[in-house]
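For reference, the structure discussed in these notes is given below.
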Amino acid sequence: MFISARERRILQLLLESDDYYTVKGIAQELEVSERTVHRDLVGVEDILTQYDLILQKKAGVGVQIDGQESSRAELKSYLVDLTITEYTQQERVTLILCKLLESADPIKLVGLANDLKVTVATVSHDLDK
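Remember, my numbering sits 580 above the position in the sequence shown when you count from 1.
Rendered as structure tokens:
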């Protein structure tokens, strides 16, 4: 099962809390738009169903994960053991900064994009950040 970096972060946020989390709060935490969070929640729901968990949604209140504590613990364990193959924007920016600071030679955008497994446009946007 493929879990994107944002889906992983959303799952971690929701699993760490027993309270409802607003979409706006998630968006601010991840530094993305609310629309992006709504799109990612579709994938989060698919992941949760594999662990017999449910994404509870309450209009005006937020979202939270509902289900057996053993299922929550199993998903938490899976996320901890998950090999990260995709980075969040903040992680990418940090990696780019490290590569630039360590290198005495110029680095091409294409090289950074290949290393981070993203597009050149994404690297360019990360550099603007």
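The C-beta atom is built at its ideal place from N, Cα and C for all residues, glycine as well. Because the structure is a prediction, the values reported are computed rather than measured.
Beta-carbon gap between residue i and residue j smaller than 9 Å
| i | j | result |
| --- | --- | --- |
| valine 624 | glutamate 587 | yes |
| isoleucine 606 | leucine 662 | no |
| tyrosine 601 | glycine 647 | no |
| leucine 633 | leucine 655 | yes |
| threonine 668 | leucine 593 | no |
| leucine 696 | leucine 677 | no |
| aspartate 598 | glutamine 670 | no |
| aspartate 626 | isoleucine 590 | no |
| valine 622 | glutamate 614 | no |
| leucine 689 | valine 673 | no |
Where residue i falls: helix, strand or coil (DSSP)
| i | result |
| --- | --- |
| isoleucine 627 | helix |
| isoleucine 676 | helix |
| valine 698 | coil |
| aspartate 661 | helix |
| glutamine 670 | helix |
| isoleucine 606 | helix |
| serine 683 | coil |
| glutamine 656 | A small correction: the amino acid at residue 656 is lysine; glutamine does not occupy that position in the sequence shown. Lysine 656 falls in the helix class under three-state DSSP. |
| glutamate 614 | helix |
Residue i: first and last residue of the uninterrupted alpha helix (DSSP H) it sits in
| i | result |
| --- | --- |
| isoleucine 645 | It is not in any alpha helix (DSSP H) - isoleucine 645 instead sits in the beta strand (DSSP E) that spans 642 to 646. |
Endpoints, beta strand (DSSP E) assigned at residue i
| i | result |
| --- | --- |
| leucine 524 | Residue 524 lies beyond the stretch modelled for the chain, which goes from 581 to 709, so this question has no answer here. |
DSSP beta-bridge partners of residue i
| i | result |
| --- | --- |
| isoleucine 634 | Asp646 |
| tyrosine 601 | Val643 |
Contact with chain C by residue i, beta-carbon distance below 9 Å
| i | result |
| --- | --- |
| aspartate 661 | Of the protein chains in this structure there is only one, and it is not chain C. |
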